[in-house]
Each structure stands twice: as C-alpha cells, then as structure tokens.
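Below: one structure, written as structure tokens.
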Amino acid sequence: MPNAKSKIKKFKNHVFMYFFQYIPRRNAAGRLILYGLIGLFYRLIGYIILIG
C-alpha cells in the first residue's frame with residue numbers, strides 16, 4: 564500500500580496549500596474553520612485506516 568499512502572500525502576499537501584492560500588491567517592473565524600476541517604480530515608483518514 565505505499566502507492567495509496569503517497570497519494571494521500573500528495574492530497575494532504577494540496578489541501579493544506581489550498582487552505583493556507585485562500586484563508587487569511589489573521590481571520591479568527593477562518594482559522595477556526597481551517598482547524599475544524601483539518602481535524603475532520605484526519606478523523607476521516609484514521610477511520611478509513613481502522614476499518615481497512
């Protein structure tokens with residue numbers, strides 16, 4: 564499964580780049596949304612790994 568892992572890593576980097584470009588860091592609400600989405604994303608990945 565190294566291929567799937569690298570795909571996940573690439574996807575993660577893409578997501579992070581997208582968020583950090585488009586959500587202003589000084590905006591508290593934007594930052595809250597950002598951290599919430601990152602948390603959700605990691606929970607989803609963890610859930611998939613646990614089931615798989």
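First residue of the sequence shown? That's 564 in my numbering, and the numbers climb one at a time after it.
Don't be surprised by glycine CBs; every beta carbon is placed ideally from N, CA and C.
The beta carbon of Ile608 sits closer than 8 Å to the beta carbons of Ile571 from its chain, once the five residues preceding and following it are set aside; these are given in chain order. For Gly593, the three-state secondary structure derived from DSSP is helix.
Secondary structure of Gly615 (DSSP, three-state): coil.
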